[in-house]
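K.L.:
My numbering numbers the first residue of the sequence shown as 191 and each following residue consecutively.
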Amino acid sequence: MEIDSTDGLTKSEEVSLTAIILAGGKSSRMGQDKALMQINGIPLLQKVYEVAASCSQRVLVVTPWQERYQQLLPHTCNFVQEMHISEEFNDIQNHGPLVGFAQALATVETEWVLLLACDLPNLDVQTLKAWANKLTQTEDHFIAALVKHDKGWEPLCGFYRQLCLPHLNEFINQGGRSFQKWLAQNPVAVLPDSVPEIFFNCNTLEDVRKINATKFENK
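The following block contains the structure:
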């Protein structure tokens, strides 16, 4: 199923959302914490938080390092402490984003969540809101609504139903760590890929340099 455009949707049909931001990665390619990298003078995590807060009623930041980030974000931000899940994965950073997502999803009370990585400098509030406004029209059996490309889903900028948690936990408990493999086992609604540049993520210092240069040129 591909979700249609948002034409004709009324304000009353807007969905209640919680946003989850994943900020637990090692930033190994960056060489330093990517969440703290500055885009036009603003830390990347702060930029993503501001977008998430514009689109949702509550924002959760999932990280092992709350003390590192709490001064960047408003007191209204809710942190979820990423925890180890087994002796086999005793390093939190080896869990991968799927586990952090599941730990945060367990605290969510809304039907839908907006999941975002902390390294997305080109997020567009209007695009995210337009997608969110169509969630009320998504059939009940779909566990997520995501953009899909030739290489697979875009799992870290999209929407998930809270009710997917039991199946997600089962997948994780069986050793699963891949969003793509988990999503392949479930029905997912396809969002229109209207603004592909919003999926660009900053993994290296060169990525940061390019983004800052582009935004400077576009001023």
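For glycine and all other residues, C-beta sits at the position ideal for the given N, C-alpha and C.
Quick check on Asn408: does DSSP put it in helix, strand or coil?
P.N.:
Low confidence applies to Asn408: its pLDDT is 49, below 50, so where it sits in the model is not reliable enough to give any reading.
K.L.:
Rounded to a whole number of angstroms, what is the C-alpha to C-alpha distance between Asn393 and Lys400?
P.N.:
Going by the C-alpha atoms only, they are around 12 Å apart.
K.L.:
Quick one: using the 10 Å Cβ neighbour count with 16 as the cut-off for buried, is Pro233 buried or exposed?
P.N.:
It is buried - the Cβ of Pro233 has at least 16 other Cβ atoms within 10 Å.
K.L.:
Please state the DSSP three-state secondary structure of Asn268.
P.N.:
Note: Asn268 maps to strand in three-state DSSP.
K.L.:
When you compare the CB positions of Pro245 and Leu304, do they come within less than 7 Å of one another, or not?
P.N.:
Correcting the residue identity first, residue 245 is Cys in this sequence and not Pro. In this structure, Leu304 lies closer than 7 Å to Cys245 by Cβ.
K.L.:
Based on DSSP bridge pairs, tell me the residues matched to Trp372.
P.N.:
Looking at the DSSP assignment, Trp372 forms no beta bridge with any residue, so it has no partner.
K.L.:
Count the other CB atoms, across all protein chains shown, that sit within 10 Å of the CB of His339; report buried if there are 16 or more and exposed otherwise.
P.N.:
Exposed, since its Cβ has fewer than 16 Cβ neighbours within 10 Å.
K.L.:
For Leu313 and Asn268, what's the separation of their Cα atoms in angstroms?
P.N.:
Roughly 21 Å separates the two Cα atoms.
K.L.:
Return the first residue and the last residue of the alpha helix (DSSP H) that Leu325 is part of.
P.N.:
Careful: Leu325 lies outside any alpha helix (DSSP H) and carries neither H nor E.
K.L.:
Please look up how many angstroms separate the CB atoms of Ala334 and Leu373, rounded, as I've assumed it's under 8 Å.
P.N.:
Confirmed, Cβ separation roughly 7 Å.
K.L.:
Which two residues bound the contiguous beta strand (DSSP E) that contains Arg248?
P.N.:
248 to 253 is the span of the beta strand (DSSP E), which, as asked, contains Arg248.
K.L.:
So, for Leu288: in the same chain, excluding its five sequence neighbours on each side, which residues have a beta-carbon less than 6 Å away from its beta-carbon?
P.N.:
Once the five neighbours on either side are set aside, the close Cβ partners of Leu288 are Arg367, Phe369.
K.L.:
Any idea if Glu396 is buried or exposed, counting beta-carbon neighbours within 10 angstroms, 16 or more meaning buried?
P.N.:
When all chains shown are included, Glu396 counts as exposed.
K.L.:
Compute the Euclidean distance between the alpha carbons of Leu207 and Phe349, then round it to the nearest angstrom.
P.N.:
Approximately 9 Å, taken between the alpha carbons.
K.L.:
Report the residue from Tyr259, Leu263, His331 whose alpha carbon sits nearest the alpha carbon of Glu240.
P.N.:
It is Leu263 whose Cα lies nearest to the Cα of Glu240.
K.L.:
Need the endpoints of the alpha helix (DSSP H) that Ala213 sits in, please.
P.N.:
Note, Ala213: premise wrong, no alpha helix (DSSP H); not H, not E.
K.L.:
Classify Ala307 as helix, strand or coil using the three-state DSSP reduction.
P.N.:
Reduced to three states, the DSSP call for Ala307 is strand.
K.L.:
Pick helix, strand or coil for Thr208, following the three-state DSSP scheme.
P.N.:
Looking at Thr208 - three-state DSSP - the assignment turns out to be strand.
K.L.:
Once DSSP output is grouped into helix, strand and coil, what is the label at Ala395?
P.N.:
The sequence given here places Leu at residue 395; Ala does not occur at that position. Here Leu395 sits in helix by DSSP.
K.L.:
Based on DSSP bridge pairs, tell me the residues matched to Arg351.
P.N.:
Its beta-bridge partners are Trp302.
K.L.:
To the nearest angstrom, how far is it from the Cα of Cys347 to the Cα of Met273?
P.N.:
For Cys347 and Met273, the distance between alpha carbons rounds to 23 Å.
K.L.:
To the nearest angstrom, how far is the alpha carbon of Gln222 from that of Asn402?
P.N.:
Roughly 17 Å between the two C-alpha positions.
K.L.:
Please report the Cβ distance between Cys308 and Ile211, rounded to the nearest whole angstrom; I am assuming they are in contact, meaning their Cβ atoms lie under 8 Å.
P.N.:
The pair is a contact, with the Cβ atoms about 5 Å apart (cut-off 8 Å).
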